[in-house]
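Chemist:
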Amino acid sequence: MKKGGIKPNSQPAGIAATPPKRIHGSIAHDLGVAIVTGQYPPGGPLPGEIEFSEKLNVSRTVYREAIRILAAKGLVESRPKTGTRVTERARWNLLDPDVLAWMFAGEPSVDFIRDLFELRMMVEPSAAELAAIRRTPDDLARMGAALATMARHGLATPEGQDADQLFHHALLEATRNAPLVCLSSSIAAAVGWTTIFKQRKRELPRDPVEDHRVLFDAIVAGDAAAARATMVSLIENALRDTEMGL
Numbered sequence: 063m064k065k066g067g068i069k070p071n072s073q074p075a076g077i078a079a080t081p082p083k084r085i086h087g088s089i090a091h092d093l094g095v096a097i098v099t100g101q102y103p104p105g106g107p108l109p110g111e112i113e114f115s116e117k118l119n120v121s122r123t124v125y126r127e128a129i130r131i132l133a134a135k136g137l138v139e140s141r142p143k144t145g146t147r148v149t150e151r152a153r154w155n156l157l158d159p160d161v162l163a164w165m166f167a168g169e170p171s172v173d174f175i176r177d178l179f180e181l182r183m184m185v186e187p188s189a190a191e192l193a194a195i196r197r198t199p200d201d202l203a204r205m206g207a208a209l210a211t212m213a214r215h216g217l218a219t220p221e222g223q224d225a226d227q228l229f230h231h232a233l234l235e236a237t238r239n240a241p242l243v244c245l246s247s248s249i250a251a252a253v254g255w256t257t258i259f260k261q262r263k264r265e266l267p268r269d270p271v272e273d274h275r276v277l278f279d280a281i282v283a284g285d286a287a288a289a290r291a292t293m294v295s296l297i298e299n300a301l302r303d304t305e306m307g308l
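The numbering used here puts the sequence shown at residues 63 to 308.
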């Protein structure tokens with residue numbers, strides 16, 4: 063994957079016709095990618111709003127809105143006299159779906175990839191166990207529909223990848239555990255980006271849909287122990303596939 067980032071002397075295509083809300087979102091995206099890929103290192107300054115606005119031919123208001131987005135995700139802080147600076151990595155909200163996307167817009171480190179799988183291993187097996195106990199017919203219908211879409215399109219396609227994320231999102235929602243449900247978007251994003259990442263240079267070494275089918279069957283049966291064990295196996299297989307592509 064190519065590293066993203068800001069091209070200081072260029073103007074984004076079509077910027078004049080882009081609604082303001084989309085403009086500041088686009089600038090936040092480009093700056094976010096530039097920050098997490100190291101083009102703007104922690105502790106370093108970002109361009110001032112006057113300089114930046116003139117280079118991209120956007121209003122200072124648009125630039126300030128983009129900075130607010132980054133600040134809310136912990137990537138930057140603005141102070142009087144010192145301007146806007148990149149914060150230390152420890153303050154970044156790495157579980158924010160946008161930040162995850164920005165990390166994968168570059169070439170994330172092997173350690174970061176493994177950290178994501180460690181997080182999944184800590185969260186998802188217990189979530190699968192709870193889902194097997196607490197799932198409703200509606201939860202099963204959503205997971206079943208996502209599984210059918212995954213099987214129909216495969217995980218090498220955007221449709222299959224979206225369905226994969228929906229499957230994991232629905233599983234966490236089926237736990238009926240509010241803090242876990244708050245993690246569902248982050249876990250789904252981690253699943254989606256690692257799936258894309260592991261096949262960026264080669265085809266998937268095997269079809270992981272069957273792992274999801276076995277997991278779904280355990281949840282349908284209400285077998286909590288089998289659901290936990292199957293999720294552990296699914297994550298281990300996914301990590302193994304990803305490491306083969308590193």
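Using N, Cα and C, we set each Cβ at its ideal position, and we do this for glycine too. Nothing here was measured: the structure is a model prediction, and the numbers come from that model.
Leaving aside the five residues before and after A280 along the sequence, list all residues of the same chain whose C-beta is less than 7 Å from its C-beta, in chain order.
Modeler: In the sequence shown, counting from the first residue as 1, residue 280 sits at position 218. These residues qualify, in order along the chain: A194, A288, A289 and T292.
Chemist: Does DSSP put V276 in a helix, a strand or coil?
Modeler: The count along the sequence shown starts at 1 and reaches residue 276 at position 214. Helix at V276.
Chemist: What did DSSP end up calling V148 once you bin it into helix, strand or coil?
Modeler: Within the sequence shown, the letter at position 86 stands for residue 148. Strand, per DSSP.
Chemist: So which of K143, D285 and R147 has the shortest CA-CA distance to L132?
Modeler: Taking the first residue of the sequence shown as 1, we reach residue 132 at position 70. The shortest Cα separation from L132 among K143, D285 and R147 belongs to R147.
Chemist: Check whether the Cβ atoms of A163 and A251 lie closer than 8 Å to each other.
Modeler: Within the sequence shown, the letter at position 101 stands for residue 163. Within the sequence shown, the letter at position 189 stands for residue 251. Cβ distance < 8 Å, so A163 and A251 count as in contact.
Chemist: By how many angstroms is the C-alpha of T123 removed from the C-alpha of M306?
Modeler: Within the sequence shown, numbered from 1, the residue matching residue 306 stands at position 244. Within the sequence shown, numbered from 1, the residue matching residue 123 stands at position 61. Rounded to whole angstroms, M306 to T123 spans 46 Å at the Cα level.
Chemist: Sort out for me which residues DSSP pairs V271 with in a bridge.
Modeler: For the purposes of this step, residue 271 is taken as residue 209 along the sequence shown, with counting starting at 1. None; V271 has no bridge partner.
Chemist: Of the residues W154, R84 and Q227, which one's Cα is nearest the Cα of V120?
Modeler: Position 58 of the sequence shown holds residue 120. Of the listed residues, the one whose Cα sits closest to V120 is R84.
Chemist: Do you know whose CA, among P107, Y125 and L301, lies nearest F114's CA?
Modeler: If you number the sequence shown from 1, residue 114 lands on position 52. Considering only alpha carbons, the answer is Y125.
Chemist: Please determine if the region 169 to 177 and the region 263 to 276 are in contact, where contact requires at least 3 C-beta pairs separated by less than 8 Å.
Modeler: no
Chemist: Could you round the C-beta distance between I249 and E180 to whole angstroms and report it? I think they count as a contact, below 8 Å.
Modeler: Numbered from 1 along the sequence shown, position 187 holds the residue referred to as residue 249. Numbered from 1 along the sequence shown, position 118 holds the residue referred to as residue 180. With 8 Å as the limit, I249 and E180 do not qualify as a contact, their Cβ atoms being about 13 Å apart.
Chemist: If you draw a straight line from the alpha carbon of G222 to that of S247, how long is it in whole angstroms?
Modeler: What you label residue 222 is simply residue 160 of the sequence shown in a count that begins at 1. What you label residue 247 is simply residue 185 of the sequence shown in a count that begins at 1. Cα to Cα, the separation comes out at about 17 Å.
Chemist: For T149 versus G136, is the C-beta spacing smaller than 8 Å?
Modeler: Position 87 of the sequence shown, counted from the start, is the residue given in the question as residue 149. Position 74 of the sequence shown, counted from the start, is the residue given in the question as residue 136. Yes, the pair counts as a contact, with Cβ atoms nearer than the cut-off.
Chemist: Shorter than 8 Å from the beta carbon of I89 to some beta carbon of chain C?
Modeler: The structure shown contains no chain C; it is built from a single protein chain.
Chemist: Looking only at DSSP bridge pairs, what is E138 linked to?
Modeler: Taking the first residue of the sequence shown as 1, we reach residue 138 at position 76. The sequence as given places Val at residue 138; Glu does not occur at that position. Answer by DSSP bridge pairing, in chain order: V148.
Chemist: Let's see if you can read the secondary structure: which residues bound the alpha helix (DSSP H) around T211?
Modeler: The residue you call residue 211 lines up with position 149 of the sequence shown. That run of the alpha helix (DSSP H) goes P199 to H215.
Chemist: Measure the Cβ-Cβ separation of L202 and V282 and say whether it is below 8 Å.
Modeler: The residue given as residue 202 occupies position 140 in the sequence shown. The residue given as residue 282 occupies position 220 in the sequence shown. Cβ distance < 8 Å, so L202 and V282 count as in contact.
Chemist: To which residues of the same chain is G76 closer than 7 Å at the C-beta, ignoring the five residues directly before and after it?
Modeler: Counting from 1 along the sequence shown, the entry for residue 76 is found at position 14. A caution first: G76 carries a pLDDT of 30, below 50, which makes its placement in the model too unreliable to give a value.
Chemist: So, for V98: in the same chain, excluding its five sequence neighbours on each side, which residues have a beta-carbon less than 6 Å away from its beta-carbon?
Modeler: Counting from 1 along the sequence shown, the entry for residue 98 is found at position 36. Result list for V98: W164 and M165, in chain order.
Chemist: E111 to S140, Cα distance in whole Å?
Modeler: Within the sequence shown, the letter at position 49 stands for residue 111. Within the sequence shown, the letter at position 78 stands for residue 140. Rounded to the nearest angstrom, the two C-alpha atoms are 11 Å apart.
Chemist: When we look at the beta-carbon of T257 and count the other beta-carbons within 10 Å, is it buried (16 or more) or exposed?
Modeler: Locating residue 257 in the sequence shown gives position 195, where the first residue counts as 1. Buried, since its Cβ has 16 or more Cβ neighbours within 10 Å.
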